[in-house]
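Take a look at the structure below.
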Amino acid sequence: MAQVVVLGLSGTADLWLVDFDAGTVTPIQTSDDSALGQADNLRQAGATIVKGVDFAVAVSSASAVASGILD
-3 MAQVVVLGLS GTADLWLVDF DAGTVTPIQT SDDSALGQAD NLRQAGATIV KGVDFAVAVS
57 SASAVASGIL D
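Numbering-wise (my numbering), the sequence shown opens with residue -3 and increments by one.
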């Protein structure tokens, strides 16, 4: 099974496809008539959507993660 997530950071309109197996992060575009596009519209309106992820924290930098600081 591929290890892939779609990620959007609070305060940004961008969505990213993160492929852990390939080690890549790629910007993606959604279509309003797709399920992903509808979910993105909800996200842009303030909803938080989580499925299949049990831990995620946005931090200010990679060095913050290394030092254990989770803002």
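The beta carbon of each residue, even a glycine, is placed where N, CA and C say it ideally should be.
Shown here, residue 13 sits in a strand according to DSSP, grouped into three states.
Counting only the Cα atoms, residue 15 lies some 17 angstroms from residue 46.
Counting of Cβ neighbours within 10 angstroms places residue 28 among the exposed residues, the total staying below 16.
DSSP, read as helix, strand or coil, puts residue 3 in strand. For residue 21, the enclosing beta strand (DSSP E) covers residues 20 to 24. Per DSSP, residue 33 is one residue of the alpha helix (DSSP H) stretching across 31 to 40.
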